[in-house]
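Structure, as structure tokens:
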Amino acid sequence: MMTNPILVLGATGKTGARIAARLEAQGLPVRRGSRNAEIPFDWNAPETWGPVLAGVSAVYISYYPDIAVPGAVETVEAFVAQARTAGIGKLVLLTGRGEYHAQQAEEVVRHSGVPFTIVRAAWFAQNFSEGALHAPVMAGVLPMPGGDVQEPIVDVDDIADVAVAALLGDGHDGQLYEVTGPHLMTFAEVAEALTAAAGRQIAHVPISFEDFHAALVASQGELIADILTGIARETLDGRNAHLTDGVQRALGRPPRDFTTFATAAARSGAWADAA
Ligand SMILES: NC(=O)c1ccc[n+]([C@@H]2O[C@H](COP(=O)([O-])OP(=O)(O)OC[C@H]3O[C@@H](n4cnc5c(N)ncnc54)[C@H](OP(=O)(O)O)[C@@H]3O)[C@@H](O)[C@H]2O)c1
């Protein structure tokens, strides 16, 4: 029986909250990585890293605001070095597909000397229900750049299942799980699926990257708008328009599809207060 806690970074976020809940449901001790936790963790305050790493058996690493932002690799590298010194037995790193900086962060973990698993994810379905694209969905208009590019949107519940398997199970060390949903979807098709699930019109509006940025500034602020637009520019060029088998390989089952996600999110009230 595992007695040392597992450190889950971003434990109040989309992936971390689900991972922490799954581990605790199995009766496992979890140390929640959050600026507001009992032992606070802040990426921008390296003096907080030692206390959260003390006595921990394994770490789930999700970087905030995004693993692809300049400076993230260096910060993750410093954190991973400290984790190694602290004797951590396993690292599970969340990254994004087709992102140059994200893949540099993967190399840091790969060469850390600590047993590791990398979970390299497609666009999250929950961006539309909990994340930066929730506000546009609530407004009934989904302005997206990238034209007719297809993206194999992945359900964060699948990411959490893969991360938990990697943290707890044998056979995942050294693996790179590139996780996607089961279908390629254009953003027009995403809007159609959201419309059907939410029971009201959510219109897809093709826009330029410049207009995408401007819309995000209004709802998310300049920093997040810069980051998300940079990632959109980098990845919505067709490079990620193919399916991968990471969920199947890690879990022995296929990934959940977007319609199943959207139906469940609507039932749980994700878009309930829309005008
Ligand atoms: N969204 C996508 O489509 C997508 C796709 C592929 C990969 N990713 C990757 O997913 C990662 C984000 O994971 P997520 O979506 O699960 O997280 P998230 O929902 O964005 O949650 C943010 C988490 O970060 C924590 N946080 C905020 N500021 C922090 C700071 N200064 N120091 C420490 N923690 C801080 C928050 O905790 P407190 O506020 O409680 O401190 C919260 O738990 C990114 O690295 C991104 O590259 C995202």
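Numbering (our numbering) for the sequence shown: 832 to 1106.
C-beta: ideal position from N, C-alpha, C; glycine also.
Open item on the list: Let's see if you can read the secondary structure: which residues bound the beta strand (DSSP E) around E1009?
Closed with: E1009 -> beta strand (DSSP E) spans 1007–1010.
Task: Distance between A1024 and A1101 (C-alpha atoms, nearest Å) - done: The straight-line gap from Cα to Cα measures roughly 14 Å.
TODO: Report the partner residues of H1014 according to the DSSP bridge assignment.
DONE: Beta-bridge pairing links H1014 to no other residue.
Open item on the list: With a threshold of 8 Å, are at least 3 pairs of Cβ atoms found where one atom belongs to the stretch 897–905 and the other to the stretch 915–933?
Closed with: With a cut-off of 8 Å on Cβ pairs, the stretch 897–905 is in contact with the stretch 915–933, counting three or more such pairs.
Task: Where H942 falls: helix, strand or coil (DSSP) - done: Coil.
TODO: With a threshold of 7 Å, establish whether the CB of K921 neighbours any heavy atom of ligand 1.
DONE: Flag unset: Cβ of K921 not near ligand 1.
Task: Whether S1127 touches T846 by CB criterion (8 Å) - done: Residue numbering for the chain in the displayed model covers 832 to 1106; residue 1127 lies beyond these limits and cannot be assessed.
Open item on the list: Using a Cβ distance threshold of 8 Å, determine whether the stretch 1042–1050 contacts the stretch 955–972, with at least three qualifying pairs required.
Closed with: Flag = yes, the stretch 1042–1050 and the stretch 955–972 touch.
Task: Complete beta strand (DSSP E) runs within the stretch 850–903 (minimum length 3 residues, chain order) - done: Listed in chain order, they are 861–864, 889–892.
Open item on the list: Taking 7 Å as the cut-off, is the C-beta of Y891 nearer than that to any heavy atom in ligand 1?
Closed with: Answer for Y891: no, Cβ out of range of ligand 1.
TODO: Go ahead and pull the three-state DSSP assignment for G927.
DONE: It is a strand residue.
Task: Span separating the alpha-carbon of T1094 from that of A1029 - done: Taking the straight line from one Cα to the other gives about 8 Å.
TODO: Please go through the stretch 1022–1095 and give each complete beta strand (DSSP E) segment of 3 or more residues, from N-terminal end onward.
DONE: Runs of the beta strand (DSSP E) inside the stretch 1022–1095: 1034–1037.
Open item on the list: I'd like to confirm something about I1055: is its beta-carbon nearer than 7 Å to some heavy atom of ligand 1, or not?
Closed with: No, since every heavy atom of ligand 1 falls outside the 7 Å radius drawn around the Cβ of I1055.
- [ ] Reducing DSSP to helix, strand and coil, say where V995 ends up.
- [x] Reduced to three states, the DSSP call for V995 is helix.
- [ ] State yes or no: is the C-beta of F872 nearer than 7 Å to some heavy atom of ligand 1?
- [x] Yes, the Cβ of F872 comes within 7 Å of a heavy atom of ligand 1.
Open item on the list: Across the stretch 1038–1048 and the stretch 978–991, are there enough close Cβ pairs to call them in contact, namely three or more that are closer than 8 Å?
Closed with: These segments do not touch.
- [ ] Could you tell me whether any non-hydrogen atom of ligand 1 is closer than 7 Å to the CB of I898?
- [x] It does: the Cβ of I898 is within 7 Å (strictly closer) of some heavy atom of ligand 1.
Open item on the list: Alpha carbons only, please: which of G1061, N835, V907 is nearest the one belonging to V939?
Closed with: V939 has its Cα closest to that of V907, out of G1061, N835, V907.
Open item on the list: Looking at A953: is its Cβ nearer than 8 Å to the Cβ of N1071?
Closed with: Result yes, Cβ atoms of A953 and N1071 sit closer than 8 Å.
Task: Buried versus exposed, by CB contacts within 10 Å (16 or more), H942 - done: The residue in question, H942, is exposed, as its Cβ has fewer than 16 Cβ neighbours within 10 Å.
Open item on the list: By the three-class DSSP mapping on this structure, what secondary structure does V985 have?
Closed with: If DSSP states are grouped into helix, strand and coil, V985 belongs with the strands.
Open item on the list: Are the CB atoms of F1089 and V1021 within a distance shorter than 8 Å?
Closed with: For the 8 Å CB-CB criterion, V1021 and F1089 form a contact.
- [ ] Decide yes or no for the touch test of the stretch 1069–1087 against the stretch 907–916: beta carbon pairs closer than 8 Å, at least 3 of them.
- [x] Too few Cβ pairs lie closer than 8 Å, so no.
Open item on the list: Just to confirm, is the Cβ distance from T948 to H1003 under 8 Å?
Closed with: Yes, these two residues count as a Cβ contact at 8 Å.
Task: P1107 to T1060 span [Cα, whole Å] - done: Outside the displayed span of the chain (832 to 1106) sits residue 1107, for which this structure offers no information.
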